[in-house]
Each structure stands twice: as C-alpha cells, then as structure tokens.
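Engineer: Read in order, the letters of the sequence shown are residues 2 to 419 in the numbering used here.
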Amino acid sequence: MAGEMNSQRLFDLQEAQKLFKIKYEKLSENVYNSANVLLGRVKKSYDFVGQKIQITIPSSFSGGVGSGSLPKANVAIYERAELEAKKMYAVVEIDRETIKASLKDEGSFVRATKEVVQKAVESFMRNMSRALFSDGTGILGKIEAINGNVLTITEATFKEANFEERDLVNALDVNSGDYSLSTVIGGSTPETQEITAVEPETRKVTLSGTHTGLAVGDELIMQGSHKNDPEGLKGVLQTETELTAAGKSPYGISPARRWSAGHVEAASQAAVSTDMLNKAMLNIKKKCGKSPNLIVCSFKQYEKILNLLEDKKRYQVNTRAGLKSKSGADISFSGVEFMSVDGPIGIFPERFVEDDRIYLLNDSHIEIKHRPDFGWFDDDGTVFLRKPSDDAYEARYGGYLQVYINPCFHGVIKDLSV
Numbered sequence: 002m003a004g005e006m007n008s009q010r011l012f013d014l015q016e017a018q019k020l021f022k023i024k025y026e027k028l029s030e031n032v033y034n035s036a037n038v039l040l041g042r043v044k045k046s047y048d049f050v051g052q053k054i055q056i057t058i059p060s061s062f063s064g065g066v067g068s069g070s071l072p073k074a075n076v077a078i079y080e081r082a083e084l085e086a087k088k089m090y091a092v093v094e095i096d097r098e099t100i101k102a103s104l105k106d107e108g109s110f111v112r113a114t115k116e117v118v119q120k121a122v123e124s125f126m127r128n129m130s131r132a133l134f135s136d137g138t139g140i141l142g143k144i145e146a147i148n149g150n151v152l153t154i155t156e157a158t159f160k161e162a163n164f165e166e167r168d169l170v171n172a173l174d175v176n177s178g179d180y181s182l183s184t185v186i187g188g189s190t191p192e193t194q195e196i197t198a199v200e201p202e203t204r205k206v207t208l209s210g211t212h213t214g215l216a217v218g219d220e221l222i223m224q225g226s227h228k229n230d231p232e233g234l235k236g237v238l239q240t241e242t243e244l245t246a247a248g249k250s251p252y253g254i255s256p257a258r259r260w261s262a263g264h265v266e267a268a269s270q271a272a273v274s275t276d277m278l279n280k281a282m283l284n285i286k287k288k289c290g291k292s293p294n295l296i297v298c299s300f301k302q303y304e305k306i307l308n309l310l311e312d313k314k315r316y317q318v319n320t321r322a323g324l325k326s327k328s329g330a331d332i333s334f335s336g337v338e339f340m341s342v343d344g345p346i347g348i349f350p351e352r353f354v355e356d357d358r359i360y361l362l363n364d365s366h367i368e369i370k371h372r373p374d375f376g377w378f379d380d381d382g383t384v385f386l387r388k389p390s391d392d393a394y395e396a397r398y399g400g401y402l403q404v405y406i407n408p409c410f411h412g413v414i415k416d417l418s419v
C-alpha cells in the first residue's frame, strides 16, 4: 500500500505527455495556420517522403500543330523540379520544479506550460515567416559600422522583423568568399551570440559580447541557418536575367522565360500606383493564364495603398473555401480589397516584406511540403526530454520541410519610394 501511495505522488511524464498533446496540439496547429496571412492560405502537405520530391514542369506546348496539311509532331518541353527538405526547429525548456509545483492541480499545470508552448510555436512561425519572405541564405543583414558590441546594419539590408531580442545569431566573414560555417567569426566552431537590444530608428543591433574579429561588411545570420533555410519569395521571384546573374536555379531548373517570375518591376523610387498594380496583374495573367489572388506588401506600402484607394477600398473578412488547418480550425483574415481584372483580391501587410516591396501572389501555387509527423517531437514516447546536467526538460517543435513556389504565377514590384 505504501508503495502504491508513493508511486501516485511521483510525477509521470507519460501523463504530462498526454495532457500536453491534448491541451496543446490544436493550439499549436492554430498558431501555425494563423501566424501570418500567406502561411495561413498556402497549401500544406505532410507526406514528403524519400530523399527528394520531383515535380514535372511543362515549359511549352507540344508544337505539333498547323493548317493546310498534316503537321509534324513535336514534343513539349518538360523540366523537373527537385525539392530537398530543410530542417527547421524551435526548442523550449520547462523547469522541473515548476511542473512539480503544479502536480495536484491540472489547471495550474496547463497555465504553467501554456505560455511556453504557445511562444515556442509563435517563435517557430516567426522564423518560418522570415524564411518564406527571404532568399534561402539565412542572412539577416550586413554590418555597416561597429562600436564595441553595437552593430549598425546597412540601410539596404536592415529589416526590423529580422532582429529580435533574445535571438541567437552567428556572423559570417564575407571577405573570405566562402559562406560555409567554417568561416564564422571566432574560428572553425560557429560562435553564437545573443541579441540584447534592437534600435530600429538607427538600425543598431546590440550583441551580448564584443568580437575583435568582426569587420564592416560581415553579415549576421540566424544561428546555424546559413544556406539552410527553405526557398523564399525574395530568392525565387526574380527575372530570368537576375536569376542567371546570381547563379540561381530554383529547384534545380535553369532560369528561362517560363521559369522566372511572372512579373518583376523595379520602380526606381516611384510611388505605388493603380497603374503599376494593374500592369503587374495583367502581365502575370498573360504569362501563366491566372491572375494573382493575393497582394502582400510592407506596412509602408500598405499605408500608401490605403491612401491611394481611399475612395475605392472595401474591407472584408476573407476565408478561402475549404481552408482549414489539420485540427479543423477555420482560418480567416481581415483585409482591404483591390479590384483586379478577375474581381476583388485581398491586400495584406506583412512585416517581413521589405519596405520597398509589393508581392502579387497566387496562393494555390505555393505549397509547404512537410515530412510526416511535423510538430512536437515525441518519438521516444514523450514531448519532454530530460536535459543532461540541468534540472529541466526540453521540448522541441518543428520538422523537415521545403517551400515550393512556381515563379510564373507570381510577381513583385520593388524599389518603390518609402
């Protein structure tokens, strides 16, 4: 009897695991599907198995047509896009004493962990959003000036959303010409430093330590992320010429007329106009046969568009038909509509878009392909993993994925006045 009583007082991680999954699986899915508009609207699949995914891309018609006499047959051009999964994680610690203190009250245990759990998924989604609107390099910004442990980021590369207090970053020595992690400042082992302060107005980022080897022109990257991010809009949506000049072949396909962005306009510091938006819409439809159904822009451009469309704007709550998360939760967003050639489409601000950019997107031609069991890691029977040499448990969220963007169906207007 005494043995039974003692066993009842002991904390059972299996029970915590059940509580964790029941209470928070739906919460995690809801956060994942509503962190930003584009993440909520794009397709998501969870059956990415094998080393790579190969997608056949038709790049021409068959050509065997003619009038007056029987034409010769000619085969269509097909390309093969290859997708490799990228590893993306969020890790949190849960103090063992906190868990122990709430054993007799399920509600207190839920309250003790709810914030930690939600913040883990929110952090993952912030990083996912960063990657989705980036170029796959993991680079956060380039250093313009150094004053001790205070770094000034160049105006051209500074994006406030890229820098948050408590983020851990590495630095890359661009003078070496080699972006492998072996060139990280501090030697062959990547040196990780915490961001302790961010001043957006002056583009200053303070690190937790001083680096004698750091130089102007070096770049900060999210810890361990250099060239490890999934593909992003900034990297894929370029002209054929831009992709060729950068030596980039999205998903292994060489840049071509039908394997480049549907529309790219460098505005040369001009203000956004309805003419620009209409031109982009028509060019994308002309190239791929479909108009964009979503406009995502920076907050600065969103403000300009609101003023531009003051007498025409319509507000809506837009839920795409059939759009649900894995947990069955509906996903909806409030936005402003722009009247395109195919009807009204939503316009949404996104903090990870550069101040001078507007993206015109087809969300049905963007897909996040996950490997199975994406979410909380529980392969060993529990979400909680005991930390060696520390009185705490660790929980991990994330998995392996790749973002697939067919460039023809989307466009970008950049270099707008801010």
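Using N, Cα and C, we set each Cβ at its ideal position, and we do this for glycine too. All of these numbers come straight from a predicted model, not from anything done at the bench.
Starting from the C-beta of A393, find all residues in its chain whose C-beta is less than 6 Å away, skip the five residues before and the five after it, and write them out in chain order.
Structural biologist: Against the sequence shown, residue 393 aligns to sequence position 392. E94, D96, R97.
Engineer: Quick check: what's the CA-CA separation for G137 versus V237?
Structural biologist: For the purposes of this step, residue 137 is taken as residue 136 along the sequence shown, with counting starting at 1. For the purposes of this step, residue 237 is taken as residue 236 along the sequence shown, with counting starting at 1. About 9 Å.
Engineer: Can you tell me whether N308 is buried or exposed? The criterion is at least 16 other CB atoms within 10 Å of its CB, across all chains shown.
Structural biologist: Stepping through the sequence shown from its first residue, residue 308 is reached at position 307. So N308 counts as exposed.
Engineer: Rounded to a whole number of angstroms, what is the C-alpha to C-alpha distance between V206 and N75?
Structural biologist: The count along the sequence shown starts at 1 and reaches residue 206 at position 205. The count along the sequence shown starts at 1 and reaches residue 75 at position 74. One C-alpha to the other measures close to 58 Å.
Engineer: At a cut-off of 7 Å, is A132 close to the ligand FAD when judged by its beta-carbon and the heavy atoms of the ligand?
Structural biologist: The ligand content of the structure shown is nil, which means the ligand FAD is not present either.
Engineer: Would R127 be called buried (16 or more neighbouring beta carbons within 10 Å of its own) or exposed?
Structural biologist: Counted from its first residue, the sequence shown places residue 127 at position 126. So R127 counts as buried.
Engineer: From S328 to G69, what does the alpha carbon distance come to, in whole angstroms?
Structural biologist: For the purposes of this step, residue 328 is identified with residue 327 of the sequence shown, where counting begins at 1. For the purposes of this step, residue 69 is identified with residue 68 of the sequence shown, where counting begins at 1. Unreliable placement is indicated for S328, whose pLDDT of 39 sits below 50; no coordinate value is reported for it.
Engineer: Give me the DSSP bridge partner(s) of T57.
Structural biologist: Along the sequence shown, read from residue 1 onward, the residue named residue 57 stands at position 56. In the DSSP output, where bridge partners are listed per residue, T57 has R81.
Engineer: Rounded to whole angstroms, what's the CA-CA distance from I56 to R81? Just pull it up for me.
Structural biologist: Translated into the one-based positions of the sequence shown, residue 56 becomes position 55. Translated into the one-based positions of the sequence shown, residue 81 becomes position 80. Roughly 6 Å between the two C-alpha positions.
Engineer: If I measure Cβ to Cβ from M244 and keep anything under 8 Å in the same chain, skipping five residues before and after, which residues do I get?
Structural biologist: Position 243 of the sequence shown, counted from the first residue, corresponds to residue 244. In the sequence as presented, Met is not what sits at residue 244; that position holds Leu. Cβ within range, chain order: S250, P251, P256, S261.
Engineer: Identify, in the order they occur along the chain, each residue of the same chain with its Cβ nearer than 6 Å to the Cβ of I58, setting aside the five sequence neighbours on each side.
Structural biologist: Walking along the sequence shown from the start, residue 58 turns up at place 57. Once the five neighbours on either side are set aside, the close Cβ partners of I58 are E80, A82.
Engineer: Which of helix, strand or coil does DSSP assign to Q119?
Structural biologist: The count along the sequence shown starts at 1 and reaches residue 119 at position 118. Three-state DSSP puts Q119 in a helix.
Engineer: So what does DSSP say about Y431, is it helix, strand or coil?
Structural biologist: Outside the displayed span of the chain (2 to 419) sits residue 431, for which this structure offers no information.
Engineer: Could you name the residues of the same chain whose beta carbon sits closer than 6 Å to that of A162, not counting the 5 residues immediately before and after it, in chain order?
Structural biologist: The residue you call residue 162 lines up with position 161 of the sequence shown. Cβ within range, chain order: R352, F353.
Engineer: When burial is assigned at 16 or more other CB atoms within 10 Å of the CB, is N294 buried or exposed?
Structural biologist: Position 293 of the sequence shown, counted from the start, is the residue given in the question as residue 294. Buried.
Engineer: Measuring only the C-alpha atoms, how far is P408 from S292?
Structural biologist: Stepping through the sequence shown from its first residue, residue 408 is reached at position 407. Stepping through the sequence shown from its first residue, residue 292 is reached at position 291. Answer to the nearest angstrom: the Cα atoms are 13 Å apart.
Engineer: Can you confirm whether the region 224-242 touches the region 381-388 when touching is taken to mean that 3 or more C-beta pairs between the two stretches lie within less than 8 Å?
Structural biologist: Too few Cβ pairs lie closer than 8 Å, so no.
Engineer: Classify E220 as helix, strand or coil using the three-state DSSP reduction.
Structural biologist: What you label residue 220 is simply residue 219 of the sequence shown in a count that begins at 1. In the structure shown, E220 sits in a strand (DSSP, three-state: E or B).
Engineer: Classify G41 as buried or exposed, calling it buried when 16 or more other Cβ atoms lie within 10 Å of its own Cβ.
Structural biologist: The residue given as residue 41 occupies position 40 in the sequence shown. By the 10 Å Cβ count, G41 comes out buried.
Engineer: For V92, which residues in the same chain have their Cβ closer than 7 Å to its Cβ, ignoring the five residues on either side in sequence?
Structural biologist: Along the sequence shown, one-based indexing puts residue 92 at 91. Hits under 7 Å: E395, R397.
Engineer: I need the straight-line Cα distance from L283 to Q302, nearest angstrom please.
Structural biologist: Taking the sequence shown and counting its residues from 1, one reaches residue 283 at position 282. Taking the sequence shown and counting its residues from 1, one reaches residue 302 at position 301. Distance between the alpha carbons of L283 and Q302 is about 20 Å.
Engineer: Write down the C-beta distance between V38 and F300 rounded to the nearest angstrom, noting that I regard them as a contact closer than 8 Å.
Structural biologist: Your numbering for residue 38 matches position 37 in the sequence shown. Your numbering for residue 300 matches position 299 in the sequence shown. Not quite, the Cβ-Cβ distance comes to about 13 Å (not below 8 Å), so this is no contact.
Engineer: Looking at the strands, I want to know which residues DSSP matches up with I196.
Structural biologist: The sequence position of residue 196 within the sequence shown is 195, counting from 1. Paired residues: L208.
Engineer: Determine whether the beta carbon atoms of A86 and R387 lie at a separation below 8 Å.
Structural biologist: Position 85 of the sequence shown holds residue 86. Position 386 of the sequence shown holds residue 387. No, the pair does not count as a contact, with Cβ atoms beyond the cut-off.
Engineer: Going by DSSP, which residues form a beta bridge with H371?
Structural biologist: As a first step, residue 371 is located in the sequence shown; it is residue number 370 there, counting from the start. The partner list for H371 (beta bridge, DSSP) reads L402.
Engineer: Between the alpha carbons of R259 and I147, how many angstroms are there, rounded?
Structural biologist: Against the sequence shown, residue 259 aligns to sequence position 258. Against the sequence shown, residue 147 aligns to sequence position 146. Distance between the alpha carbons of R259 and I147: 44 Å.
Engineer: So what does D96 bridge to, in DSSP terms?
Structural biologist: Along the sequence shown, read from residue 1 onward, the residue named residue 96 stands at position 95. Looking at the DSSP assignment, D96 forms a beta bridge with A393.
Engineer: Go ahead and label L278 buried or exposed: buried means 16 or more other beta carbons lie within 10 angstroms of its beta carbon, across all protein chains shown.
Structural biologist: Locating residue 278 in the sequence shown gives position 277, where the first residue counts as 1. With 16 or more Cβ atoms within 10 Å of its Cβ, L278 is classed as buried.
Engineer: I need the DSSP call for K73, collapsed to helix, strand or coil.
Structural biologist: Your numbering for residue 73 matches position 72 in the sequence shown. K73 falls in the coil class under three-state DSSP.
Engineer: Please list the terminal residues of the continuous alpha helix (DSSP H) segment that includes Y303.
Structural biologist: Taking the first residue of the sequence shown as position 1, residue 303 is located at position 302. 300-309 is the span of the alpha helix (DSSP H), which, as asked, contains Y303.
Engineer: Is C298 closer than 8 Å to R358 when the C-beta atoms are compared?
Structural biologist: By one-based count along the sequence shown, residue 358 stands at place 357. By one-based count along the sequence shown, residue 298 stands at place 297. Result yes, Cβ atoms of R358 and C298 sit closer than 8 Å.
Engineer: Pick from I254, T240, G248, A247: whose alpha carbon is nearest that of E266?
Structural biologist: Counting from one through the sequence shown, the residue named residue 266 turns up at place 265. For the residues I254, T240, G248, A247, the minimum Cα distance to E266 belongs to T240.
Engineer: Identify the continuous alpha helix (DSSP H) that holds L39 and give its terminal residues.
Structural biologist: Reading the sequence shown from its first residue, position 38 is the one you call residue 39. L39 -> alpha helix (DSSP H) spans 38-42.
Engineer: Taking all protein chains shown into account, decide if E355 is buried (16 or more other Cβ within 10 angstroms of its Cβ) or exposed.
Structural biologist: Translated into positions along the sequence shown, residue 355 becomes position 354. Buried, because 16 or more other Cβ atoms sit within 10 Å of the Cβ of E355.
Engineer: For Y401 and V122, I'd like the C-alpha separation in whole angstroms.
Structural biologist: The sequence position of residue 401 within the sequence shown is 400, counting from 1. The sequence position of residue 122 within the sequence shown is 121, counting from 1. Taking the straight line joining both Cα atoms gives about 15 Å.
Engineer: If you compare alpha carbons, which of K370, G412, G142, M223 is closest to G51?
Structural biologist: For the purposes of this step, residue 51 is taken as the residue at position 50 of the sequence shown. Nearest of K370, G412, G142, M223 to G51, Cα basis: K370.
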